[in-house]
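In the numbering used here, the protein residues as written are 1 to 520.
Cβ atoms here follow ideal geometry from the backbone N, Cα and C, with glycine treated the same way.
Notes follow once the structure below has been shown.
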């Protein structure tokens, strides 16, 4: 090509495009080389695609298989895996303690990422990454979860479970059974709203899903896409193509409903029927929020207390039903223990339930087999050693309790549902095959200063639910119990469960002595 040909080509419209394309290719190659060999996380093993992009990370979240993908990666690459350009996955008990446990003196904390920042401004308590702000809010809200406060909430928990029992007695004997996905969701939402800010919802009474509860369900996938757009901005641009208009409308509706309920709760402070979480945020004699910032903070914390109250209970009650109906021997053993402990329905109290070993074993095994949160609780490394591996500052780390609690390294027959592994060694049903299980690998809740504040009230709710249901009814599976947890359950921001239909038949010889506790 002569000089004139080059000049003619350069003056054409193709030259700028070619130069831009060339620059793009060079930049992409340079980025890949940097990410593969020079990035602070480059020393950790993992798939090459994960090292240079978030394509596989986002794909497995979108199709609902992310927890299982993490499990596969750990089995392939070992205890530490690079799952994204700036993301490293751990799963050992020591790693969990190093990331989420108490910090040693002088050590910087692993702070939260912006995963739960949806652009709402105030991040409240649960989603707050700033330790100082979270600590200030915690001084107010954490007393709401003390032993005394939980004891004061027990009558309300009894009342809602009694209402559930009453509905099952009246409706649950039909041949087609009842859809537990709905009824357990209604129980969880009604109970959580009343515990959080004295909001009386009537899903159980009405037997149908309100617009508010429907909106909550609808936002799971859209929230996931917002989270993933922080990894791949292109997802944010494409999200409108996959999110129905009704979901876009749901978010403002949820915010508006929450704002109205918080305002109503402020207006009736000092006149509530029972203690709730808002009591600890704004007392009867406290002045109302004086500005927009204070009001938004109160609204955000109140909503978080509600959300943190309904989702775990919805999950673990479903898991309990699912595993009971899949395991007839377990079902029979737990039912026998509960019915043998009480001579009447009204005798069922949480204080007695704490002492039932098979019930505790069943609950532990439920939580081992079905983790409450599918996310790995990502944190930003301050530059610290995790289970013997130094992770440079700024690298995002997360754990996979899902993998640990299903791994033969820690549990014998990890994919089987075996409550016996949790029993005292002198219990008649204890199986010595599980003597070497490493129970340190059981962490269904977070640890350290950010540990789940509501775990004790959740234990209370779950114990009372199981006891009252199994004392009152003989459960029969209609459909859904034959589904596979590993094949038919998926995870976005929340878990997605297959439909589970259950028939509730009156337990032979069991009578309801006394009366049910009214909701008041």
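Problem set entry | Expected contact under 8 Å - CB spacing of residue 460 and residue 157 to nearest Å | Residue numbering aside, residue 460 sits at position 460 when the chain shown is read from its first letter. Residue numbering aside, residue 157 sits at position 157 when the chain shown is read from its first letter. The pair is a contact, with the Cβ atoms about 6 Å apart (cut-off 8 Å).
Exercise. What is the DSSP secondary structure of residue 506, counted as helix, strand or coil?
Worked result: Residue 506 sits at position 506 when you count from the first residue of the chain shown. Three-state DSSP puts residue 506 in a strand.
Problem set entry | Terminal residues of the beta strand (DSSP E) in which residue 398 lies | Within the chain shown, the letter at position 398 stands for residue 398. It spans 396-399 - the beta strand (DSSP E) in which residue 398 sits, taken as one unbroken run.
Problem set entry | Closest residue to residue 52 among 61, 29, 65 (Cα-Cα distance) | Residue numbering aside, residue 52 sits at position 52 when the chain shown is read from its first letter. Nearest to residue 52 by alpha-carbon distance, out of 61, 29, 65, is 29.
Problem set entry | Close Cβ partners of residue 325 (< 6 Å) along its chain, the five nearest in sequence each way excluded | In the chain shown, counting from the first residue as 1, residue 325 sits at position 325. Closer than 6 Å at Cβ, skipping near neighbours: 477, 481.
Exercise. Which residues in the same chain have their Cβ closer than 8 Å to the Cβ of residue 421, if we skip the five residues on either side of it in sequence?
Worked result: What you label residue 421 is simply residue 421 of the chain shown in a count that begins at 1. Once the five neighbours on either side are set aside, the close Cβ partners of residue 421 are 361, 365, 411, 412, 431, 434, 437.
Exercise. Looking at the structure shown, is residue 379 part of a helix, part of a strand, or coil, going by DSSP?
Worked result: Here residue 379 refers to the residue found at position 379 when the chain shown is read from its first residue. Residue 379 falls in the strand class under three-state DSSP.
Exercise. Comparing alpha-carbon positions, which option in 71, 31, 70, 467 lies nearest residue 348?
Worked result: Position 348 of the chain shown holds residue 348. Residue 467 is the option with its Cα nearest to residue 348.
For this session: Using the DSSP secondary-structure output, state which residues sit across from residue 87 in a beta bridge.
Result: The residue you call residue 87 lines up with position 87 of the chain shown. Residue 87 pairs with 84, 396.
Exercise. For residue 181, is the classification buried or exposed, using 16 other Cβ atoms within 10 angstroms of its Cβ as the cut-off for buried?
Worked result: Position 181 of the chain shown, counted from the first residue, corresponds to residue 181. With 16 or more Cβ atoms within 10 Å of its Cβ, residue 181 is classed as buried.
Exercise. Per DSSP, residue 474 is paired with what?
Worked result: Here the question's residue 474 lines up with position 474 in the chain shown. For residue 474, which the question treats as bridged, DSSP gives the partners 505.
Exercise. Span of the beta strand (DSSP E) holding residue 384?
Worked result: The residue labelled residue 384 in the question sits at position 384 within the chain shown. It spans 384-386 - the beta strand (DSSP E) in which residue 384 sits, taken as one unbroken run.
Exercise. In this structure, does DSSP put residue 495 in helix, strand or coil?
Worked result: Here the question's residue 495 lines up with position 495 in the chain shown. The answer is strand: DSSP assigns residue 495 an E or B state.
Problem set entry | One or two residues paired with residue 479 in a DSSP bridge | Along the chain shown, one-based indexing puts residue 479 at 479. Note: residue 479 sits in a beta bridge opposite 501.
Exercise. In three-state DSSP terms, what is residue 262?
Worked result: Indexing the chain shown from 1 puts residue 262 at position 262. Three-state result, residue 262: helix.
For this session: Can you tell me which of the three DSSP states residue 410 falls into?
Result: As a first step, residue 410 is located in the chain shown; it is residue number 410 there, counting from the start. Residue state, collapsed to three classes: coil.
For this session: Compute the beta-carbon to beta-carbon distance between residue 393 and residue 383, rounded to the nearest angstrom, for a pair I have assumed lies under 8 Å.
Result: Here the question's residue 393 lines up with position 393 in the chain shown. Here the question's residue 383 lines up with position 383 in the chain shown. With a contact defined as Cβ atoms closer than 8 Å, residue 393 and residue 383 qualify at about 4 Å.
Problem set entry | residue 131 versus residue 103: straight-line alpha-carbon distance, rounded | Along the chain shown, read from residue 1 onward, the residue named residue 131 stands at position 131. Along the chain shown, read from residue 1 onward, the residue named residue 103 stands at position 103. Cα to Cα, the separation comes out at about 12 Å.
Exercise. Using the C-alpha atoms, what's the distance from residue 174 back to residue 137?
Worked result: As a working note, residue 137 is residue 137 in the chain shown. As a working note, residue 174 is residue 174 in the chain shown. Distance between the alpha carbons of residue 137 and residue 174: 48 Å.
Exercise. Residue range of the beta strand (DSSP E) that residue 301 falls in?
Worked result: Sequence index remark: in the chain shown, residue 301 carries index 301 (1-based). Where residue 301 is concerned, there is no enclosing beta strand (DSSP E), although the alpha helix (DSSP H) it sits in stretches over 292-326.
For this session: Would you check if the distance between the CB atom of residue 196 and the CB atom of residue 84 is smaller than 8 Å?
Result: Here the question's residue 196 lines up with position 196 in the chain shown. Here the question's residue 84 lines up with position 84 in the chain shown. In this structure, residue 84 does not lie closer than 8 Å to residue 196 by Cβ.
Exercise. Where does residue 231 sit, in a helix, a strand or coil, going by DSSP?
Worked result: Translated into the one-based positions of the chain shown, residue 231 becomes position 231. Of the three classes helix, strand and coil, the one that applies to residue 231 here is coil, per DSSP.
Exercise. The alpha helix (DSSP H) with residue 96 in it runs from where to where?
Worked result: Position 96 of the chain shown, counting from 1, holds the residue named residue 96. Per DSSP, residue 96 belongs to the alpha helix (DSSP H) from 93-100.
Exercise. What residues in its chain sit with their C-beta under 8 Å from that of residue 515, if we drop five residues either side in the sequence?
Worked result: The residue you call residue 515 lines up with position 515 of the chain shown. Its pLDDT being 44, under 50, residue 515 is placed unreliably by the model, and nothing is read from it.
For this session: Give, in chain order, every unbroken run of the beta strand (DSSP E) that is at least 3 residues long and sits entirely within the segment 132-193.
Result: none
For this session: Could you check what DSSP says for residue 54 in three-state terms: helix, strand or coil?
Result: The residue you call residue 54 lines up with position 54 of the chain shown. Correct three-state label for residue 54: coil.
For this session: Assign residue 508 to buried or exposed, taking buried as 16 or more other Cβ atoms, counted over all protein chains shown, within 10 Å of its Cβ.
Result: Mapped onto the chain shown, residue 508 falls at position 508. Exposed: under 16 other Cβ atoms inside 10 Å.
For this session: Measure the alpha-carbon distance for residue 114 versus residue 409 and round it to whole angstroms.
Result: Looking up residue 114 in the chain shown gives position 114. Looking up residue 409 in the chain shown gives position 409. Their backbone Cα atoms lie some 33 Å apart in a straight line.
Exercise. Can you tell me whether residue 352 is buried or exposed, with buried defined as 16 or more other CB within 10 angstroms of its CB?
Worked result: Within the chain shown, residue 352 is the residue found at index 352, counting from 1. Flag for residue 352 reads exposed.
Exercise. Do you know how far the Cα of residue 462 is from the Cα of residue 502?
Worked result: Residue mapping note: residue 502 aligns to position 502 of the chain shown, counting from 1. Residue mapping note: residue 462 aligns to position 462 of the chain shown, counting from 1. Rounded to the nearest whole angstrom, the C-alpha separation of residue 502 and residue 462 is 18 Å.
Problem set entry | Exposed unless 16 or more other CB atoms sit within 10 angstroms - verdict on residue 148 | Translated into positions along the chain shown, residue 148 becomes position 148. Of the residues assessed, residue 148 falls on the exposed side of the cut-off, its CB having fewer than 16 other CB atoms within 10 angstroms.
Problem set entry | Same chain, Cβ closer than 7 Å to residue 7, neighbours up to 5 away in sequence not counted | Locating residue 7 in the chain shown gives position 7, counting from the first residue. Caution applies to residue 7, whose pLDDT of 48 falls short of 50 and renders its modelled position unreliable; the value that the coordinates give is listed next. Counting only Cβ-Cβ distances below 7 Å, and skipping sequence neighbours, we find nothing.
Exercise. I think residue 215 touches residue 243, with their Cβ atoms under 8 Å apart; what is that distance to the nearest whole Å?
Worked result: Within the chain shown, the letter at position 215 stands for residue 215. Within the chain shown, the letter at position 243 stands for residue 243. Between residue 215 and residue 243 a beta carbon distance of about 13 Å is seen, past the 8 Å cut, so the two are scored as non-contacting.
Problem set entry | Straight-line Cα distance separating residue 79 from residue 92 | Counted from its first residue, the chain shown places residue 92 at position 92. Counted from its first residue, the chain shown places residue 79 at position 79. Using only the alpha carbons, I get a separation of about 7 Å.
Problem set entry | residue 322 to residue 205 span [Cα, whole Å] | As a working note, residue 322 is residue 322 in the chain shown. As a working note, residue 205 is residue 205 in the chain shown. Spanning the two alpha carbons is a distance of roughly 24 Å.
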